[in-house]
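The next block holds one structure in the form of structure tokens; read it before the comments.
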Amino acid sequence: MEYLKALLLGIVEGITEWLPISSTGHMILVNEFINNEGFTGSDLFLYVIQLGAILAVVTMYFKRLNPFAPSKTAEEKAGTWQMWFKVVVACIPAAVFGLLLNDYMEKFENWLVVSAMLILYGIGFIFVESRTKSSKVTDMSCMSYKTAILIGLFQVLSIIPGTSRSGATILGAILMGCSRELAAEFSFFLAIPVMFGVTFLKLVTYEGAIAGGEIAVLVVAMLVAYVVSMLAIKFLVNFVKKHDFKSFGWYRIVLGLIVIGYFSLIK
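In structure tokens, the structure reads:
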């Protein structure tokens, strides 16, 4: 049964981590429906399986992310380093506020906060997309460090459960004048240091030992998240070339209402 739960949660993680629809909101619903109170329902499990999702980004964009690639020219290598500097700068606010507020924000991991954030940011996506006519920044090389750090400040908002890390960064990037394609791509790259950091923090602060069987369950979930993440990333990249993010906004609103209805009426 734990392996079946790991399979399901790996699929949910792989899809929702990259689409701006809140992995936390979906995990809460899934864990509720399958009555998940075992190891696969722990915070440690839900954070560590993110490693599979991160490795999907590294795999898909390895050449783009690698400043030492022999096939790159000196100019291209310099551009890769500049991209990494922008990623690091954008991650500083999340690192600072994440460490300071990590324990405090766990108090808000409840269905009421999650549903409110799902709906609020759903409305935000619809509103912003309705007002966005053109993009000034369409390439990473054109993005200023000021824009990068402002996007990083939006990423801080994702410490509120139900916000969605990708949702906050994509919304912030669009508001800063970035194209949808660049907003999605920068969100992918920001996830690498942020999610590695959060996962490491959860591992070092975990009280207790992980049994051999639990490690096997984690590996299964990570592998599933890895494969599904690659599909989800490819989908989002192709989707934003022809569509805006309004449909994700409507999806968030509907999901938020479902969460409210389930927990306030059914429960």
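Count along the sequence shown from 1, then add 1; that gives the number in my numbering. C-beta atoms are modelled at their ideal positions from N, C-alpha and C, and glycine is treated no differently.
Beta bridge counterpart(s) of residue i as assigned by DSSP
i, result
"Val138", "Cys179"
Whether residue i touches residue j by CB criterion (9 angstroms)
i, j, result
"Asn111", "Pro162", "yes"
"Val138", "Leu176", "no"
"Tyr62", "Phe190", "yes"
"Leu9", "Ile35", "yes"
"Leu66", "Ile193", "yes"
"Gly11", "Val195", "no"
"Val218", "Thr17", "no"
"Lys247", "Ile127", "yes"
"Ala96", "Gly257", "no"
"Pro68", "Trp82", "yes"
"Gly15", "Tyr252", "no"
"Thr133", "Asp245", "yes"
"Val205", "Ala7", "no"
"Glu33", "Tyr263", "yes"
Residue i (DSSP reduced to helix, strand or coil)
i, result
"Ile22", "coil"
"Ile35", "coil"
"Ile261", "helix"
"Ile161", "coil"
"Asp245", "coil"
"Thr60", "helix"
"Thr74", "coil"
"Ala212", "coil"
"Tyr207", "coil"
"Phe86", "helix"
"Glu3", "helix"
"Phe69", "coil"
"Thr81", "helix"
"Glu110", "coil"
"Met144", "coil"
Selection from the options that minimises the alpha carbon distance to residue i
i, options, result
"Ile254", "Ser23, Trp19, Leu5 and Leu10", "Ser23"
"Phe187", "Leu10, Ala149, Leu113 and Ala117", "Ala149"
"Ala79", "Ser43, Met141, Gly11 and Gly26", "Met141"
"Leu183", "Tyr105, Gly123, Val97 and Met84", "Met84"
"Phe98", "Ile127, Phe155 and Met231", "Phe155"
"Cys179", "Val205, Cys143 and Gly213", "Cys143"
"Leu20", "Val115, Met231 and Ala75", "Met231"
"Tyr122", "Ile93, Ser167 and Lys134", "Ser167"
"Ile261", "Val229, Ala75, Thr60 and Val114", "Val114"
"Phe197", "Thr25, Glu38 and Ile55", "Ile55"
"Val58", "Val229, Leu119 and Ile259", "Val229"
"Met1", "Thr25, Gly213, Ile211 and Ser265", "The structure shown does not extend to residue 1, since the chain spans only 2 to 268, so no value can be given for it."
Beta-carbon proximity list for residue i, same chain, < 7 angstroms, skipping 5 on both sides
i, result
"Phe109", "Ile161 and Pro162"
"Leu52", "Thr200 and Met223"
"Leu158", "Thr164 and Ala169"
"Val241", "Arg181, Glu182 and Ala185"
"Tyr48", "Val199, Thr200 and Lys203"
"Glu76", "none"
"Cys92", "Gly153, Leu191, Pro194 and Val195"
Cβ-based neighbour list, residue i, same chain, cut-off 6 angstroms, excluding 5 preceding and 5 following
i, result
"Leu45", "Lys203 and Tyr207"
"Val13", "His27 and Val31"
"Glu215", "Phe40"
"Lys64", "Ala70"
"Ile120", "Ile254 and Gly257"
"Gly213", "none"
"Leu266", "none"
Own chain partners of residue i with C-beta closer than 8 angstroms, once the 5 adjacent residues on each side are dropped
i, result
"Leu151", "Gly173 and Met177"
"Gly125", "Leu172 and Gly250"
"Tyr146", "Phe86, Lys87 and Val90"
"Leu102", "Ile160"
"Pro94", "Ile150, Gly153, Leu154, Gln156 and Val157"
"Leu237", "Trp19, Leu20 and Ala185"
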